[in-house]
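Engineer:
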Amino acid sequence: MESPKIPVDLILAKLSEEAEKVQERVKKASDVLLGPLDTEIATTPYEIVYQEDRVKLKHYKPIAEIQFKTPLLVVYALINRETMLDLQPGRSVVQSFLNAGIDLYMIDWGYPTRKDKYLTIDDHVNGYMDNIVDFVLQKHNLPRLHLMGICMGGTFCVIYSALHPEKVKTLVTTVAPTNFDTDQGLLHIWMKDVDVDRMVDTFGNMPGDLMNFGFLLLNPARLMIDKYVGFLEIMDNKELVENFIRMEKWIFDSPDVPGETFRQFVKDCYQKNLLIQSKMDVGGRLVDLRKITMPVLNIYGRFDHLVPPGACELLTSKVGSKDTEDVCIETGHIGIYVSSKCQKEFAPKIIKWLKERDDLVKEDFIAPKKERGKTKAHLKRPKKVVIESGDEP
Amino acid sequence: MNQNEKSAPETLLSDWMKTTAEFWGSVTKMWLGVPGASESLTQSEEAIKSRIQESWESTLKMWQSIFLTLREPGGMDVFFKGINAVPEIVLRMAKTGWDGYFHLQQQWLERVGRIGQRTEVYKFEDLDQNVFKAWTEIYEKEFKQFLTVPQLGLTRYYQERMGVTMDKFNLFQAAMAEFFRMLFLPMEKAYRVIQEKIGELTKEGKLPEDPKEYYHMWLKILEGHYIILFKSPEYTRVLSNTLDVMEEFLVARQRMLQDMIQTLPVPSDRDMEDLYKELYLLKKKVKEIEKRVDKV
Numbered sequence: 001m002e003s004p005k006i007p008v009d010l011i012l013a014k015l016s017e018e019a020e021k022v023q024e025r026v027k028k029a030s031d032v033l034l035g036p037l038d039t040e041i042a043t044t045p046y047e048i049v050y051q052e053d054r055v056k057l058k059h060y061k062p063i064a065e066i067q068f069k070t071p072l073l074v075v076y077a078l079i080n081r082e083t084m085l086d087l088q089p090g091r092s093v094v095q096s097f098l099n100a101g102i103d104l105y106m107i108d109w110g111y112p113t114r115k116d117k118y119l120t121i122d123d124h125v126n127g128y129m130d131n132i133v134d135f136v137l138q139k140h141n142l143p144r145l146h147l148m149g150i151c152m153g154g155t156f157c158v159i160y161s162a163l164h165p166e167k168v169k170t171l172v173t174t175v176a177p178t179n180f181d182t183d184q185g186l187l188h189i190w191m192k193d194v195d196v197d198r199m200v201d202t203f204g205n206m207p208g209d210l211m212n213f214g215f216l217l218l219n220p221a222r223l224m225i226d227k228y229v230g231f232l233e234i235m236d237n238k239e240l241v242e243n244f245i246r247m248e249k250w251i252f253d254s255p256d257v258p259g260e261t262f263r264q265f266v267k268d269c270y271q272k273n274l275l276i277q278s279k280m281d282v283g284g285r286l287v288d289l290r291k292i293t294m295p296v297l298n299i300y301g302r303f304d305h306l307v308p309p310g311a312c313e314l315l316t317s318k319v320g321s322k323d324t325e326d327v328c329i330e331t332g333h334i335g336i337y338v339s340s341k342c343q344k345e346f347a348p349k350i351i352k353w354l355k356e357r358d359d360l361v362k363e364d365f366i367a368p369k370k371e372r373g374k375t376k377a378h379l380k381r382p383k384k385v386v387i388e389s390g391d392e393p
Numbered sequence: 394m395n396q397n398e399k400s401a402p403e404t405l406l407s408d409w410m411k412t413t414a415e416f417w418g419s420v421t422k423m424w425l426g427v428p429g430a431s432e433s434l435t436q437s438e439e440a441i442k443s444r445i446q447e448s449w450e451s452t453l454k455m456w457q458s459i460f461l462t463l464r465e466p467g468g469m470d471v472f473f474k475g476i477n478a479v480p481e482i483v484l485r486m487a488k489t490g491w492d493g494y495f496h497l498q499q500q501w502l503e504r505v506g507r508i509g510q511r512t513e514v515y516k517f518e519d520l521d522q523n524v525f526k527a528w529t530e531i532y533e534k535e536f537k538q539f540l541t542v543p544q545l546g547l548t549r550y551y552q553e554r555m556g557v558t559m560d561k562f563n564l565f566q567a568a569m570a571e572f573f574r575m576l577f578l579p580m581e582k583a584y585r586v587i588q589e590k591i592g593e594l595t596k597e598g599k600l601p602e603d604p605k606e607y608y609h610m611w612l613k614i615l616e617g618h619y620i621i622l623f624k625s626p627e628y629t630r631v632l633s634n635t636l637d638v639m640e641e642f643l644v645a646r647q648r649m650l651q652d653m654i655q656t657l658p659v660p661s662d663r664d665m666e667d668l669y670k671e672l673y674l675l676k677k678k679v680k681e682i683e684k685r686v687d688k689v
């Protein structure tokens, strides 16, 4: 029997070819890395129009004529920073919104210090958020605004919309966890066993670096090895290096999370899953999702390992609105905002959806009396769209 | 020998004692009689002087009475008998000390023996997986007690907190080592699997020509092993334990640092926590009132 042939010659040839390429790349890389690099993030001009304690409200300067009657307020998570929405020109959700003529506001939660450890979800939602909404409404002399939440900020927006539905015209949630009783994501599995009381009592605020380490551990092969192997392959390309550094800057810019907020979020959401059951108490008030009667657009990523589809897709069936839409994008947690392909789908989808509802008055979307109090599933078959997008960063 | 007949050394010692007692008696009298010795002294200096003098006189009297007793007939016999007993007492004391030392050493040997027994239970040929469990158990059963020995005295609480911190640090180190060891396991497994896979591909004659393909193969295998590991209850247990002991260590360290900070003119952690809480509650109240006023 003839023994199989091992293409040693070809493998060695490829290796030597690769070695030459690497050598060439390293030569160029030293020029790139030692030369001037533009790695600034969040460069779209804005002004701070409101500030309360550490929390600031950014108002982006319009770059096109305002096409929307109602301004949009974006609420980011307490984990990481809102700069992710404006990483770089051409890959900026902020710029896409501004180009479409949206009057855009965004909350910057700042960096909590030890004195913020007692702040609860109530303080964030019924305190800071509500004050900011009042400020914007007063400034524009409007009764309601468009509200968009990202990740944990999306959860906050859901809570806010249930407690203050009269101030929200439409609700957009993106990768926002609302159902925590799922085994799809490791975070959901691990959080169930975490002794959050001990953690908060020890650390005070939840250290951003510790949480980041936890996120890296969700996929160490990709996030701690392959990512940097990938960097070695692009390090001679100035533009790609700049993009890579921008992403690194954003990822490791992790403010601490106020201790009491973290405690309540883990206990009430991850461990007891109270929100989706309309049993969560915030500031002494029950968060009843059926009170969310405004139009809801719910976007999530199919390959999101932090907030998997199972954590997002139940929301639309639990709210009281008859105008809901689920959009599942074929990407991950961050790719939804920063991948070049998603830039063509994610922001345009939101812009179109908002535009269609910008002229609506309150009566247009409040469910008829006889139908109120029922879940959306009873009112209308949920609309679900799947957008395919591949390039997860 | 007649009781009144004294031996030569006995007479010699007796005479020396007599002379000494008389000499110091005379010196004292001379000192007290020195003109100006008690002059130009303030009232407090006078009081100190008289206390010293009294003390000196009483010591001298005691000394003289001992000497005089020894000079009595038969006194020296008793003294010399006492002297003869000294080596015996010293030997007895030394024996007690050695017994204690040997007992301690025996305990240590037993302890070391038990360490051997414990490692046997976990079979050290499977060193990688069990070494951390074994070490933690050895530490907890055989060494930890030394750090938790009840402390005595005024500084007992400070010493106790120091001991607890060291204890928690040791447990934290062991847990971290186990945790990182566990994180490394998929690497080892992926390395073994890729070797097997290359072997299979070699047999089939399907070896990829591009070296990058080997890396991607390895990465995929590694990712798979990590997913299996992270979903395992064993990992969740180790992760949870690592977090627990880390938190215990941080709390213990904080308490020990509090003790040190107490001596410095800076507010302690507890002071600041109280202040922050008060500030938080006050601000909340003010904001509520502000909102109510705005509505009015």
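These protein sequence lines are chains A and B, in that order. Position one of the first sequence corresponds to residue 1 (the numbering used here), numbered consecutively onward. Position one of the second sequence corresponds to residue 394 (the numbering used here), numbered consecutively onward. Even glycine gets a Cβ: it sits at the ideal position worked out from N, Cα and C.
(1) I'd like the span of the beta strand (DSSP E) that includes aspartate 234 of chain A, first residue to last.
(2) Within the same chain, show all residues whose beta-carbon is closer than 6 angstroms to that of arginine 400 of chain A, passing over the 5 residues directly before and after it, in chain order.
(3) Which residues in chain C sit within 9 angstroms of proline 604 of chain B, going by Cβ to Cβ distance?
(4) If you follow the beta strand (DSSP E) that isoleucine 334 of chain A is in, where does it begin and where does it stop?
(5) Measure the alpha-carbon distance for arginine 574 of chain B versus phenylalanine 565 of chain B and round it to whole angstroms.
(6) Can you give me the Cβ contacts of leucine 73 of chain A inside the same chain, cut-off strictly under 8 angstroms, excluding the 5 residues immediately before and after it?
(7) Provide the residue(s) that pair with isoleucine 121 of chain A in DSSP beta bridges, ordered along the chain.
(8) As a quick exercise: from A:Tyr76, A:Thr83, A:Asp38, pick the residue whose alpha carbon is nearest that of proline 45 of chain A.
(9) Report buried or exposed for asparagine 298 of chain A, applying the criterion of at least 16 other Cβ atoms within 10 angstroms of its Cβ.
(10) Using a Cβ cut-off of 8 angstroms, pull out every chain B residue sitting near leucine 306 of chain A, in sequence order please.
(11) Applying the 10 Å Cβ sphere with the 16-neighbour rule, what's the burial state of arginine 554 of chain B?
(12) When the distance is taken between beta carbons, is leucine 15 of chain A closer than 7 angstroms to proline 604 of chain B?
(13) Tell me which residue opens and which closes the beta strand (DSSP E) that glutamate 47 of chain A is part of.
(14) Buried or exposed: which applies to glutamate 239 of chain A, given that a residue is buried once 16 or more other Cβ atoms fall within 10 Å of its Cβ?
(15) Determine, using beta carbons only, whether tyrosine 118 of chain A comes closer than 7 angstroms to chain B.
(16) At the level of alpha carbons, what is the spacing between tyrosine 628 of chain B and phenylalanine 525 of chain B?
(17) Reducing DSSP to helix, strand and coil, say where serine 625 of chain B ends up.
(18) Is the separation between the beta-carbon of arginine 263 of chain A and that of glutamate 640 of chain B shorter than 7 angstroms?
(19) May I ask you to report which of helix, strand or coil DSSP gives glycine 110 of chain A?
(20) What does the Cβ neighbour count give for asparagine 141 of chain A, buried or exposed, with the cut at 16 atoms within 10 Å?
(21) Can you look up glutamate 325 of chain A in the DSSP assignment and give me helix, strand or coil?
(22) With 16 as the cutoff for other CB atoms within 10 Å, does phenylalanine 517 of chain B come out buried or exposed?
(23) Please identify the residue among A:Lys169, A:Met129, A:Leu186 whose C-alpha is closest to the C-alpha of tyrosine 160 of chain A.
(24) Quick one: Cα of threonine 261 of chain A to Cα of threonine 120 of chain A, how far?
(25) Just verifying my parser: in three-state terms, what is the DSSP assignment at leucine 275 of chain A?
(26) Using beta-carbon positions only, say whether leucine 216 of chain A and leucine 210 of chain A come within less than 7 angstroms of one another.
(27) Measuring CA to CA, which of B:Phe562, B:Ile482, B:Trp409 is closest to leucine 636 of chain B?
(28) Just checking: is the beta-carbon of threonine 629 of chain B within a distance shorter than 7 angstroms of some beta-carbon in chain A?
(29) Per DSSP, what kind of secondary structure is arginine 399 of chain A in: helix, strand or coil?
(30) Relative to the C-alpha of glutamate 589 of chain B, which residue among B:Met569, B:Trp611, B:Val557, B:Glu606 is closest?
(31) Using 10 angstroms around the beta-carbon of alanine 13 of chain A, count the other beta-carbons present and answer buried if the total reaches 16, otherwise exposed.
(32) Kindly indicate the opening and closing residues of the beta strand (DSSP E) around isoleucine 150 of chain A.
(33) Please report the distance separating the alpha-carbon of valine 296 of chain A from that of alanine 567 of chain B.
(34) Quick check on leucine 72 of chain A: does DSSP put it in helix, strand or coil?
(35) Indicate whether at least one CB of chain A lies closer than 7 angstroms to the CB of lysine 678 of chain B.
(36) For histidine 164 of chain A and aspartate 103 of chain A, what's the separation of their Cα atoms in angstroms?
Structural biologist: With the given structure in hand:
(1) For the purposes of this step, residue 234 of chain A is taken as the residue at position 234 of the first sequence. Checking the sequence, you will find isoleucine at residue 234 of chain A rather than aspartate. It is not in any beta strand (DSSP E) - isoleucine 234 of chain A instead sits in the alpha helix (DSSP H) that spans 227-234.
(2) Shown here, chain A extends from 1 to 393; a query on residue 400 of chain A therefore has no answer.
(3) Absent from the structure is chain C; the protein chains it does hold are A and B.
(4) As a working note, residue 334 of chain A is residue 334 in the first sequence. Note, isoleucine 334 of chain A: premise wrong, no beta strand (DSSP E); not H, not E.
(5) Start at 1 with the first residue of the second sequence, and residue 574 of chain B comes out as number 181. Start at 1 with the first residue of the second sequence, and residue 565 of chain B comes out as number 172. Near 14 angstroms, if we compare the C-alpha coordinates of phenylalanine 565 of chain B and arginine 574 of chain B.
(6) The residue given as residue 73 of chain A occupies position 73 in the first sequence. Same-chain partners within the cutoff: Tyr105, Met106, Ile107, Ile132, Val133, Val136, Leu145, His146, Leu147, Met148.
(7) On the first sequence, residue 121 of chain A is found 121 positions in, with the first residue counted as 1. Paired residue(s): none; isoleucine 121 of chain A is not in a bridge.
(8) Mapped onto the first sequence, residue 45 of chain A falls at position 45. Of the listed residues, the one whose Cα sits closest to proline 45 of chain A is A:Thr83.
(9) By 1-based counting over the first sequence, the position of residue 298 of chain A is 298. It counts as buried.
(10) The count along the first sequence starts at 1 and reaches residue 306 of chain A at position 306. Correct list: empty, because the minimum Cβ distance to chain B is about 13 angstroms.
(11) On the second sequence, residue 554 of chain B is found 161 positions in, with the first residue counted as 1. Buried, since its Cβ has 16 or more Cβ neighbours within 10 Å.
(12) Here residue 604 of chain B is taken as the residue at index 211 of the second sequence, counted from 1. Here residue 15 of chain A is taken as the residue at index 15 of the first sequence, counted from 1. Going by C-beta atoms, proline 604 of chain B is nearer than 7 angstroms to leucine 15 of chain A.
(13) In the first sequence, the residue the question calls residue 47 of chain A occupies position 47. 46-52 is the span of the beta strand (DSSP E), which, as asked, contains glutamate 47 of chain A.
(14) Taking the first residue of the first sequence as position 1, residue 239 of chain A is located at position 239. Counting Cβ neighbours within 10 Å, glutamate 239 of chain A comes out exposed, since fewer than 16 surround it.
(15) Your numbering for residue 118 of chain A matches position 118 in the first sequence. By this cut-off, tyrosine 118 of chain A is an interface position.
(16) For the purposes of this step, residue 628 of chain B is taken as residue 235 along the second sequence, with counting starting at 1. For the purposes of this step, residue 525 of chain B is taken as residue 132 along the second sequence, with counting starting at 1. So the alpha carbons of these two residues sit roughly 14 angstroms apart.
(17) Residue numbering aside, residue 625 of chain B sits at position 232 when the second sequence is read from its first letter. Coil.
(18) The residue you call residue 263 of chain A lines up with position 263 of the first sequence. The residue you call residue 640 of chain B lines up with position 247 of the second sequence. Cβ atoms of arginine 263 of chain A and glutamate 640 of chain B: not closer than 7 angstroms.
(19) Your numbering for residue 110 of chain A matches position 110 in the first sequence. DSSP places glycine 110 of chain A in coil when its eight states are reduced to three.
(20) On the first sequence, residue 141 of chain A is found 141 positions in, with the first residue counted as 1. Exposed, by the Cβ-count rule.
(21) On the first sequence, position 325 is the one that residue 325 of chain A refers to. It is a strand residue.
(22) Taking the second sequence and counting its residues from 1, one reaches residue 517 of chain B at position 124. Only weak support exists for where phenylalanine 517 of chain B lies, its pLDDT of 42 falling under 50; the value from the coordinates is given anyway. Phenylalanine 517 of chain B is exposed by the Cβ-count criterion.
(23) Residue numbering aside, residue 160 of chain A sits at position 160 when the first sequence is read from its first letter. Of the candidates A:Lys169, A:Met129, A:Leu186, the one whose C-alpha sits nearest the C-alpha of tyrosine 160 of chain A is A:Met129.
(24) What you label residue 261 of chain A is simply residue 261 of the first sequence in a count that begins at 1. What you label residue 120 of chain A is simply residue 120 of the first sequence in a count that begins at 1. Their Cα atoms are separated by approximately 4 angstroms.
(25) Working through the first sequence from its first residue, we reach residue 275 of chain A at position 275. In the structure shown, leucine 275 of chain A sits in coil (DSSP, three-state: anything other than H, G, I, E or B).
(26) In the first sequence, residue 216 of chain A corresponds to position 216, counting from 1. In the first sequence, residue 210 of chain A corresponds to position 210, counting from 1. Not closer than 7 angstroms, so no.
(27) The residue you call residue 636 of chain B lines up with position 243 of the second sequence. Among B:Phe562, B:Ile482, B:Trp409, the Cα nearest to that of leucine 636 of chain B is on B:Phe562.
(28) Residue mapping note: residue 629 of chain B aligns to position 236 of the second sequence, counting from 1. Yes, its Cβ sits closer than 7 angstroms to a Cβ of chain A.
(29) Lying outside 1 to 393, the shown extent of chain A, residue 399 of chain A is not represented and no answer is given.
(30) Numbered from 1 along the second sequence, position 196 holds the residue referred to as residue 589 of chain B. For the residues B:Met569, B:Trp611, B:Val557, B:Glu606, the minimum Cα distance to glutamate 589 of chain B belongs to B:Trp611.
(31) Taking the first sequence and counting its residues from 1, one reaches residue 13 of chain A at position 13. Exposed, because fewer than 16 other Cβ atoms sit within 10 Å of the Cβ of alanine 13 of chain A.
(32) Residue 150 of chain A sits at position 150 when you count from the first residue of the first sequence. Isoleucine 150 of chain A -> beta strand (DSSP E) spans 145-150.
(33) Numbered from 1 along the first sequence, position 296 holds the residue referred to as residue 296 of chain A. Numbered from 1 along the second sequence, position 174 holds the residue referred to as residue 567 of chain B. Roughly 50 angstroms separates the two Cα atoms.
(34) In the first sequence, residue 72 of chain A corresponds to position 72, counting from 1. Reduced to three states, the DSSP call for leucine 72 of chain A is strand.
(35) Here residue 678 of chain B refers to the residue found at position 285 of the second sequence. False, the Cβ-Cβ gap to chain A never drops below 7 angstroms.
(36) Counting from one through the first sequence, the residue named residue 164 of chain A turns up at place 164. Counting from one through the first sequence, the residue named residue 103 of chain A turns up at place 103. For histidine 164 of chain A and aspartate 103 of chain A, the distance between alpha carbons rounds to 21 angstroms.
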